[in-house]
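In terms of my numbering, the sequence shown has 174 at position 172, counting the first letter as 1, and numbering is strictly consecutive.
We put the CB at the ideal spot given by N, CA and C, even for glycine.
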Amino acid sequence: MCGIVGYIGYRNAANVCMEGLLRLEYRGYDSFGIAAVSPEITLFKETGKISAAKDAVNLKGTCGIGHTRWATHGVPSKTNAHPFTDCTGKIAVVHNGIIENYAELKRELQNRGHTFVSETDTEVIPHLIEEQYAGNLREAVSKILPLLEGAYAILVIAEGTQEIVAARMGSPLALGIGDNEYVFASDGLPILDYTRSVVYLEDGDLAEVTPAGYRIYHDGEEIVRKVSTLEWDAADVRKGGFAHYMLKEMFEQPEVFSNTVNSIAENPSPLCRLRDARSVTIVACGTSANASNVFAYLMETVCEIPTRVVLASEFKYYPTPKNDVVIAVSQSGETADTIYALKIAREKGAKTFCLTNVLGSSLTRVSETTLYTRAGPEVSVAATKSFTAQVAAFMEIVNIISGGKLEGAVVEIQRYLPEVLDCDVDKAVELVKDASTLLYVGRGLSYPIALEGALKMKEISYIHAEGYAAGELKHGPFALLSEKTPVVAVCLSGITYPVMMSNLKEIKARSAPEVVIGEIRDIDAEEIADVYLPIPKVSETAGVILASVVLQMLAYKTAVALDTDVDMPRNLAKSVTVE
Ligand code: AGP
Numbered sequence: 003m004c005g006i007v008g009y010i011g012y013r014n015a016a017n018v019c020m021e022g023l024l025r026l027e028y029r030g031y032d033s034f035g036i037a038a039v040s041p042e043i044t045l046f047k048e049t050g051k052i053s054a055a056k057d058a059v060n061l062k063g064t065c066g067i068g069h070t071r072w073a074t075h076g077v078p079s080k081t082n083a084h085p086f087t088d089c090t091g092k093i094a095v096v097h098n099g100i101i102e103n104y105a106e107l108k109r110e111l112q113n114r115g116h117t118f119v120s121e122t123d124t125e126v127i128p129h130l131i132e133e134q135y136a137g138n139l140r141e142a143v144s145k146i147l148p149l150l151e152g153a154y155a156i157l158v159i160a161e162g163t164q165e166i167v168a169a170r171m172g173s174p175l176a177l178g179i180g181d182n183e184y185v186f187a188s189d190g191l192p193i194l195d196y197t198r199s200v201v202y203l204e205d206g207d208l209a210e211v212t213p214a215g216y217r218i219y220h221d222g223e224e225i226v227r228k229v230s231t232l233e234w235d236a237a238d239v240r241k242g243g244f245a246h247y248m249l250k251e252m253f254e255q256p257e258v259f260s261n262t263v264n265s266i267a268e269n270p271s272p273l274c275r276l277r278d279a280r281s282v283t284i285v286a287c288g289t290s291a292n293a294s295n296v297f298a299y300l301m302e303t304v305c306e307i308p309t310r311v312v313l314a315s316e317f318k319y320y321p322t323p324k325n326d327v328v329i330a331v332s333q334s335g336e337t338a339d340t341i342y343a344l345k346i347a348r349e350k351g352a353k354t355f356c357l358t359n360v361l362g363s364s365l366t367r368v369s370e371t372t373l374y375t376r377a378g379p380e381v382s383v384a385a386t387k388s389f390t391a392q393v394a395a396f397m398e399i400v401n402i403i404s405g406g407k408l409e410g411a412v413v414e415i416q417r418y419l420p421e422v423l424d425c426d427v428d429k430a431v432e433l434v435k436d437a438s439t440l441l442y443v444g445r446g447l448s449y450p451i452a453l454e455g456a457l458k459m460k461e462i463s464y465i466h467a468e469g470y471a472a473g474e475l476k477h478g479p480f481a482l483l484s485e486k487t488p489v490v491a492v493c494l495s496g497i498t499y500p501v502m503m504s505n506l507k508e509i510k511a512r513s514a515p516e517v518v519i520g521e522i523r524d525i526d527a528e529e530i531a532d533v534y535l536p537i538p539k540v541s542e543t544a545g546v547i548l549a550s551v552v553l554q555m556l557a558y559k560t561a562v563a564l565d566t567d568v569d570m571p572r573n574l575a576k577s578v579t580v581e
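#1: Skipping 5 residues on each side, what residues in its chain have a beta carbon closer than 6 Å to that of residue 254?
#2: With DSSP collapsed to three states, give me the class of residue 597.
#3: Closer than 6 Å by C-beta to residue 24: which residues in its own chain qualify, once you throw out the five before and the five after it? Chain order, please.
#4: Would you call the CB atoms of residue 293 and residue 258 closer than 8 Å?
#5: With residue 156 and residue 97 assumed to form a contact (beta carbons below 8 Å), what rounded beta-carbon distance in angstroms separates them?
#6: Restricting to Cα atoms, I'd like to know which of 351, 550, 500 is closest to residue 418.
#7: Return the chain-ordered ranges of every beta strand (DSSP E) run that is complete within the segment 38-126 and spans a minimum of 3 residues.
#8: Can you tell me which of 563, 133, 21, 369 puts its alpha carbon nearest to the alpha carbon of residue 436?
#9: Pairing CB atoms from the segment 447-456 with CB atoms from the segment 467-481, are three or more of them under 8 Å?
#10: Measure the alpha-carbon distance for residue 290 versus residue 346 and round it to whole angstroms.
#11: Can you tell me the Cα-Cα spacing of residue 414 and residue 356, whole angstroms?
#12: Comparing the CB of residue 333 with every heavy atom of the ligand AGP, is any distance shorter than 7 Å?
#13: For the ligand AGP, is there a heavy atom less than 7 Å away from the beta-carbon of residue 356?
#14: How about residue 173 and residue 202: are their beta carbons less than 8 Å apart?
#15: What is the residue span of the alpha helix (DSSP H) that residue 458 lies within?
#16: Can residue 301 and residue 400 be called in contact, C-beta distance under 8 Å?
#17: Let's test the definition: count the other Cβ atoms within 10 Å of the Cβ of residue 221 and tell me whether it reaches 16, buried, or not, exposed.
#18: Beta carbon of residue 378: closer than 7 Å to some heavy atom of the ligand AGP?
#19: Using the beta-carbon count (16 or more within 10 Å), is residue 42 buried or exposed?
#20: Helix, strand or coil for residue 135, going by three-state DSSP, please let me know.
#21: Anyone know if the C-beta pair for residue 496 and residue 446 falls short of 8 Å?
#22: Which stretch, first to last residue, makes up the alpha helix (DSSP H) that contains residue 428?
#23: Since residue 329 is in the beta strand (DSSP E), which residue starts that stretch and which ends it?
#24: What are the boundary residues of the alpha helix (DSSP H) that residue 18 is part of?
#25: Look up residue 504 in the DSSP assignment and give the residues it is bridged to.
#26: With respect to 7 Å, is the separation between the Cβ of residue 390 and the closest non-hydrogen atom of the ligand AGP below this value?
#27: Quick check: is any heavy atom of the ligand AGP less than 7 Å from the C-beta of residue 214?
#28: Helix or strand or just coil, what does DSSP make of residue 343?
#29: Can you tell which of 373, 336, 340 has its C-alpha closest to the C-alpha of residue 363?
#30: Check for me: the beta strand (DSSP E) holding residue 170 runs from which residue to which?
#31: Within its chain, find whatever has a CB closer than 8 Å to the CB of residue 326; leave out the 5 residues flanking it on each side and keep chain order.
#32: Would you report the Cα separation of residue 211 and residue 197, rounded to the nearest angstrom?
#33: Report buried or exposed for residue 136, applying the criterion of at least 16 other Cβ atoms within 10 angstroms of its Cβ.
#34: Is residue 469 near the ligand ZN - that is, is its Cβ less than 7 Å away from at least one heavy atom of it?
#35: Could you spell out the range, first to last residue, of the beta strand (DSSP E) harbouring residue 250?
#36: For residue 565, count the other beta carbons within 10 Å of its own beta carbon; 16 or more makes it buried, fewer makes it exposed. Which is it?
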């Protein structure tokens, strides 16, 4: 969703901001803009792709701010793109978040003579600052912040000054501290090109940055915030010769899986709480929820600890069981639904953990204890390596709690992941690419894998795909089956195998073409399938993870065949920062 960047130092601020916005592209956006001071404020705004407009930006000055907008209030357009200025054009603001009481503030400002150009909530901010500004930008910003209800990370610049004033409440904001230069950004990626030293602003913080240094204030008092080190490399956020970030990230999975398993194994202390838990609730969205369902299955079957997954956006409607452990799972650590769910759980007295991929993300501030996946930056909107990293963390957690029962499966996955990445899915792509509906089915541990396979397919290929527990098909979805409705099935040995084979026959009897992921040399399954995608013969737990990689490849190659925007699918954002 929206991303913000700010630069102050000795380079051309507009260029730094454009590079930064490119780094934030993955979050999703429909328009973007930049403002720079030199000494008056100049603006550039555009809709569409940042890369297409790169050469058109010609703003002077070494102090500037930029923004990618993902429309919430008002259509995507140049007029609604940030930065916004006050009536005089002397103050410019970029904002990430939502000002809930903007309509009321706007009416009051209009009554006092202010004119507005956009439909956005953000535009009230520069007008409010204008009323307070008398030469001290920090003072003016601090006076208007109490008027804002909702969530914000804002950057403010003013004509004739060399400073950026920033404030955070509920939306992420990091300040990179370089040599005589400073970079603000919604996350660490735009900062990496300039420095690895970063300060994560907390809710209620206000920062004032000039070429000479930075100060942070909280409740009017100057405070010191810890300087952290960004662990990722600038090289991690480049495509490295791959056609798409998604493909690159899929090929990183063997390393990511091992790194995450090792990091959990080396720091097992927070897991003790799970051992004593009467029950565990996991809150997550999308792919993170699918990975959490793998965990829930393993917790129940291997550790015999009752574990449920509640979609984070639904959690507020459920009672939180007393003495429950609540784990929030989120690659980005910025998903509003997940953060809110964990806040509620904590307020209700649950013990809270989070599992995230992003150091210092908002979720880590809400959770009592944080565990990290070691996936490195994930740029593609479609989560792949972060799913595998979450599963790796979960498998190692279950392994530790159960006294080593998943050791073998972990080793099998490490051994066979590179081989599975070489899978040939071309015939399966031919079979599914022209369908308007696909069904994905599995049972037991393969069920969340079917859900994830369908999610991946629909988000990047735009083919309607739904995941079902295979046994549910006859309770309704059978009505959809015909020769035009391919079914993608995960059919591995284990307790689900015999009944899954019956399901495959039932599907075949209704003329639906079948793509089956099964074990190598399973002649029976191969005979039923129209296209058979074999994986190595391993334990069921390892098999489903290998199968999930085949499903990622199927979605990826189908999207490429359909020529969609693989890394940035329409209407989607990488970090979903609104509820
Ligand atoms: C995954 O491919 C999706 N883009 C999406 O479902 C994602 O997993 C979801 O929005 C949750 O994100 P998070 O893990 O960063 O919280």
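A quick look at the data gives this:
#1: Counting from 1 along the sequence shown, the entry for residue 254 is found at position 252. Cβ-Cβ distances below 6 Å link residue 254 to 387 in the same chain, with the five nearest sequence neighbours on each side left out; the list follows chain order.
#2: Outside the displayed range of the chain (3 to 581) lies residue 597, so it cannot be described from this structure.
#3: Here residue 24 refers to the residue found at position 22 when the sequence shown is read from its first residue. Around residue 24: 52.
#4: If you number the sequence shown from 1, residue 293 lands on position 291. If you number the sequence shown from 1, residue 258 lands on position 256. It is not a contact, given that the beta carbons lie outside the stated cut-off.
#5: Mapped onto the sequence shown, residue 156 falls at position 154. Mapped onto the sequence shown, residue 97 falls at position 95. With 8 Å as the limit, residue 156 and residue 97 qualify as a contact, their Cβ atoms being about 5 Å apart.
#6: Start at 1 with the first residue of the sequence shown, and residue 418 comes out as number 416. Nearest C-alpha to residue 418: 550.
#7: For the segment 38-126, the continuous beta strand (DSSP E) assignments of 3+ residues that do not extend past its boundaries occur at 43-49, 65-71, 93-101, in sequence order.
#8: Counted from its first residue, the sequence shown places residue 436 at position 434. Restricting attention to 563, 133, 21, 369, the CA atom closest to the CA of residue 436 is found in 563.
#9: Touching, per the Cβ criterion.
#10: The residue given as residue 290 occupies position 288 in the sequence shown. The residue given as residue 346 occupies position 344 in the sequence shown. Near 19 Å, if we compare the C-alpha coordinates of residue 346 and residue 290.
#11: Indexing the sequence shown from 1 puts residue 414 at position 412. Indexing the sequence shown from 1 puts residue 356 at position 354. For residue 414 and residue 356, the distance between alpha carbons rounds to 27 Å.
#12: Taking the sequence shown and counting its residues from 1, one reaches residue 333 at position 331. A distance criterion of 7 Å places the beta-carbon of residue 333 in contact range of the ligand AGP, judged by its closest non-hydrogen atom.
#13: In the sequence shown, residue 356 corresponds to position 354, counting from 1. It does not: the Cβ of residue 356 is nowhere closer than 7 Å to a heavy atom of the ligand AGP.
#14: Indexing the sequence shown from 1 puts residue 173 at position 171. Indexing the sequence shown from 1 puts residue 202 at position 200. No, the Cβ-Cβ distance between residue 173 and residue 202 is not below 8 Å.
#15: Within the sequence shown, residue 458 is the residue found at index 456, counting from 1. Residue 458 -> alpha helix (DSSP H) spans 448-463.
#16: Working through the sequence shown from its first residue, we reach residue 301 at position 299. Working through the sequence shown from its first residue, we reach residue 400 at position 398. Yes, Cβ-Cβ distance for residue 301 and residue 400 is below 8 Å.
#17: Numbered from 1 along the sequence shown, position 219 holds the residue referred to as residue 221. When all chains shown are included, residue 221 counts as exposed.
#18: For the purposes of this step, residue 378 is taken as residue 376 along the sequence shown, with counting starting at 1. Every heavy atom of the ligand AGP is 7 Å or more from the Cβ of residue 378, so no.
#19: Here residue 42 refers to the residue found at position 40 of the sequence shown. By the neighbour-count rule (16 or more Cβ atoms within 10 Å), residue 42 is not buried but exposed.
#20: Against the sequence shown, residue 135 aligns to sequence position 133. Looking at residue 135 - three-state DSSP - the assignment turns out to be coil, as it is neither helix nor strand.
#21: Looking up residue 496 in the sequence shown gives position 494. Looking up residue 446 in the sequence shown gives position 444. Note that the C-beta distance between residue 496 and residue 446 is below 8 Å.
#22: Within the sequence shown, residue 428 is the residue found at index 426, counting from 1. Unbroken alpha helix (DSSP H) run through residue 428: 428-434.
#23: For the purposes of this step, residue 329 is taken as the residue at position 327 of the sequence shown. For residue 329, the enclosing beta strand (DSSP E) starts and ends at 327-332.
#24: The residue you call residue 18 lines up with position 16 of the sequence shown. Here the alpha helix (DSSP H) through residue 18 covers 15-26.
#25: Reading the sequence shown from its first residue, position 502 is the one you call residue 504. Beta-bridge annotation (DSSP): residue 504 is not paired with any residue.
#26: On the sequence shown, residue 390 is found 388 positions in, with the first residue counted as 1. Checking every heavy atom of the ligand AGP against the Cβ of residue 390, none is found closer than 7 Å.
#27: Counted from its first residue, the sequence shown places residue 214 at position 212. Answer for residue 214: no, Cβ out of range of the ligand AGP.
#28: Here the question's residue 343 lines up with position 341 in the sequence shown. Under the three-state reduction of DSSP output, residue 343 falls in the helix class.
#29: Within the sequence shown, the letter at position 361 stands for residue 363. The option with the nearest alpha carbon to residue 363 is 336.
#30: For the purposes of this step, residue 170 is taken as residue 168 along the sequence shown, with counting starting at 1. Following the DSSP letters along the chain, one finds residue 170 inside the beta strand (DSSP E) bounded by residues 166-171.
#31: Taking the sequence shown and counting its residues from 1, the one referred to as residue 326 is at position 324. The answer, listed in chain order, is 279, 280, 281, 282, 283, 347, 352, 353.
#32: Taking the sequence shown and counting its residues from 1, the one referred to as residue 211 is at position 209. Taking the sequence shown and counting its residues from 1, the one referred to as residue 197 is at position 195. In a straight line, the C-alpha of residue 211 is about 16 Å away from that of residue 197.
#33: Indexing the sequence shown from 1 puts residue 136 at position 134. Looking at its Cβ environment, which holds fewer than 16 other Cβ atoms inside 10 Å, residue 136 is exposed.
#34: Inclusion of the ligand ZN in the displayed structure is not the case, the ligand content consisting of the ligand AGP alone.
#35: In the sequence shown, the residue the question calls residue 250 occupies position 248. Premise fails: residue 250 lies in the alpha helix (DSSP H), 247-253, not in any beta strand (DSSP E).
#36: Numbered from its first residue, the sequence shown carries residue 565 at position 563. Around the CB of residue 565, fewer than 16 other CB atoms lie within 10 Å, so the residue is classed as exposed.
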